[in-house]
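Here's the structure, in structure tokens; my notes come after.
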Amino acid sequence: MTNVITRFAPSPTGVLHIGSVRTALYSWLYARQNNGRFILRIEDTDKERSKKEFEDNIIDGLNWLGLNHDEFFRQSDRAVFYKERIIELIAKGAVYISKEEPKEPGERAEVLRFKNPNKVVTFRDEVRGDISFDTTELGDFVIAKDFDTPLYHFAVVIDDFDMGVTHIIRGDDAISNTPRQILIQEALGAPRPIYTHLPMILAPDKSKLSKRHGALAVTEYREEGYLPEAILNFVALMGWNPGNDQEIISLEEMIKLFSLEKVQKGGAVWNIDKLKWFNKHYIKLFPVGKVSDEIFARFPDALREKAEANPKIFGKIIPVIVDHISTFGEVHALAEAGEYDYFFDDPTYQRESLLWKDENEPHVAGQKLQKVLALIDDIDDAFFVPETIKTAIWGYATEAGRGSVLWPMRYALSGRDKSPDPFTLASILGKETTIHRIEGAIKLLLI
RNA sequence: GGCUCUAUCGUCUAGUGGUUAGGACGAAAGCUUCUCAAGCUUUAAACCGGAGUUCGAUUCUCCGUAGAGUCACCA
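Position one of the first sequence corresponds to residue 9 (my numbering), numbered consecutively onward.
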């Protein structure tokens with residue numbers, strides 16, 4: 009087999025969105041698993057709409073995901089090559105200069121048109137099989153505005169030819185412009201690459217996913233605290249599967265497992281919940297040091313100062329925080345909502361909140377907490393960890409009614425309806441603070 | 001509208017000419033330390049319709065239906 013060369017060819021008229029990532033991933037995987045080359049080509053023939061910032065965004069996103077390219081091209085750097093081919097095709101009689109009547113401002117009085125042989129073109133698509141089109145309906149289509157400004161259809165064909173692209177993997181919205189590209193190839197005497205058209209990634213209403221549906225740039229997912237592993241894994245499974253039930257697949261494994269034959273025909277609806285599930289999975293595998301950096305970065309300033317002043321506590325709450333999020337971005341909102349304040353400052357709360365359901369009198373709850381206090385006081389400082397604390401209190405709690413003991417204890421420590429369990433809380437806060445807060449609660453109950 | 005493509009649980013999907021149609025997300029229930037999260041267990045949930053081929057179609061063929069994409073001097 010000849011060396012595989014694939015390419016990802018976005019136009020820099022928008023950010024790198026999730027559908028493009030899937031296309032880039034499959035092209036990349038195919039090249040990697042065949043020891044081929046992967047080309048990144050920026051298709052910026054439209055000078056009006058192309059923007060450097062989008063090109064930067066695309067490259068940035070790809071780098072972040074780890075989809076590295078072996079070669080890089082920009083169509084705006086290749087004008088001379090297109091011009092040569094136009095001249096060549098004019099000489100062959102396949103392209104002609106056409107006089108036009110401009111219909112809109114900006115349109116030329118002269119453009120270059122392709123002499124359509126008006127035939128039926130049949131090509132094989134790796135996922136859909138044979139597809140036929142009668143190209144007559146295309147007419148003599150325009151391939152360039154002038155010798156220096158080729159249009160997309162033309163530039164693509166020249167580039168794929170010049171760069172030796174063997175496999176074109178792209179979205180199936182490009183199916184219908186494949187025939188005209190084949191026509192140009194044939195006029196040029198260029199070999200026909202192997203085509204694979206991927207099904208679209210859809211919005212919940214089944215239409216092509218777009219910005220209007222809240223489709224985010226990859227870089228925005230990064231800001232929201234998604235991990236590249238999660239995005240890659242999830243996106244890979246939209247339209248492809250390894251042929252078994254395996255769902256957690258690393259990039260390395262994907263290179264081995266990927267195959268065009270297992271690519272789906274139908275479109276796939278974007279499902280953010282499943283992405284979050286993947287992300288949660290990968291966050292748990294993320295190195296602790298990096299996790300705490302990510303979390304720290306998303307703390308509001310005030311909380312950040314407290315974390316810096318209490319590094320021991322900050323270190324201990326990392327696992328607790330991780331347990332409750334699926335993206336790092338959620339940390340910010342949770343922090344703003346005061347969800348982490350009680351780790352650093354004594355909570356304030358209503359006296360009634362300390363009561364378990366409605367089966368307790370305040371003074372009874374106070375007495376129970378006094379007992380808890382005594383048990384905690386007996387624990388050696390050096391062994392103030394969840395298991396020990398639990399062991400110390402468990403017997404009494406079971407005997408007195410777990411809820412009626414543990415709820416007030418947990419509430420005294422957190423001041424919240426929802427929080428980690430009281431033993432974890434106590435061990436995070438340390439013996440001294442734990443005692444202090446329970447004493448506060450007792451005082452409130454026994455007034 | 002023309003052309004092209006597509007069709008299994010709500011979603012992502014596996015699968016076969018004969019299966020209790022499998023898994024995952026989500027949902028519901030239960031368990032696990034009071035709450036939350038996590039984890040574990042369990043449950044509900046699908047072959048678009050009609051013909052045909054066949055002993056037998058979810059699977060093969062055709063016709064519908066539905067949805068999507070595309071029809072530029074954009075890419």
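We put the beta carbon where it would ideally sit given N, CA and C, even for glycine.
The three-state reading of DSSP puts Y348 in coil, since its state is none of H, G, I, E or B.
The beta carbon of G44 lies closer than 6 Å to those of N11, V12, I13 in the same chain, with the five residues before and after it left out. L421 places its beta carbon 8 Å or farther from that of P370. When the Cα atoms are used, N42 and K273 turn out to be separated by approximately 23 Å. The region 27–35 and the region 169–182 touch, with no fewer than 3 CB-CB distances between them shorter than 8 Å. Here V119 is bridged, per DSSP, to S106. For E118, same chain residues with a beta-carbon under 8 Å away, outside a window of 5 residues either side, are I105, S106, K107, E108, D154 in chain order.
In this structure, the CA atom of R116 is about 14 Å from the CA atom of F149.
Per DSSP, D301 lies in no beta strand (DSSP E); the unbroken alpha helix (DSSP H) holding it starts and ends at 296–306. Collapsing the DSSP output to three states places I50 in a strand. Residue burial is scored here from C-beta neighbours: Q254 has fewer than 16 other C-beta atoms within 10 angstroms and is therefore classed as exposed. When G247, Y229, D68, M417 are compared, the shortest CA-CA separation from L48 is found for D68. Around the beta carbon of S218, a 10 Å sphere encloses fewer than 16 other beta carbons of the protein chains shown; the residue is thus reported as exposed.
By the CB criterion at 8 Å, A17 and E51 fall inside the cutoff. H221 sits in a helix when the DSSP states are folded into three classes. Secondary structure remark: continuous alpha helix (DSSP H) runs of at least 4 residues inside the region 308–337, in chain order: 309–317, 319–331.
Relative to the Cα of A99, the nearest Cα in the group D386, F122, K55 belongs to F122. Going by beta carbons, A405 and V393 fall outside the 8 Å limit. Each residue's CA atom was taken as its position, placing R82 and L433 some 56 Å apart. In this structure the region 333–353 touches the region 220–239; the number of beta carbon pairs closer than 8 Å is three or more. The residues D138, S140, in chain order, have a CB closer than 6 Å to that of T130 in the same chain once the five nearest residues on each side in sequence are set aside. The alpha-carbon separation between A343 and I209 amounts to approximately 34 Å. The alpha carbon of K284 has as its nearest neighbour, out of N241, W402, G251, A198, the alpha carbon of N241. Judged by their CB atoms, H205 and I190 are not nearer to each other than the 8 Å cut-off. T441 sits in a helix when the DSSP states are folded into three classes. Of A211, K60, V299, the smallest CA-CA separation from R220 is found for A211.
Taking the CA atoms as reference points, P199 sits about 22 Å from L146. Taking a cut-off of 8 Å for Cβ pairs, the region 320–327 and the region 255–263 do not touch, as fewer than three such pairs fall below it.
By the CB criterion at 8 Å, V372 and M417 fall outside the cutoff. Note: Y90 is not bridge-paired with any residue in the DSSP secondary-structure output. Note on geometry: alpha-carbon atoms of W402 and K298 lie some 35 Å from one another. For D167, the three-state secondary structure derived from DSSP is helix. In the three-state reduction of the DSSP assignment, I257 falls in the coil class, being assigned neither a helical nor a strand state. Going by C-alpha positions, V226 is about 8 Å away from V23. Where K292 is concerned, the enclosing alpha helix (DSSP H) starts and stops at 280–293.
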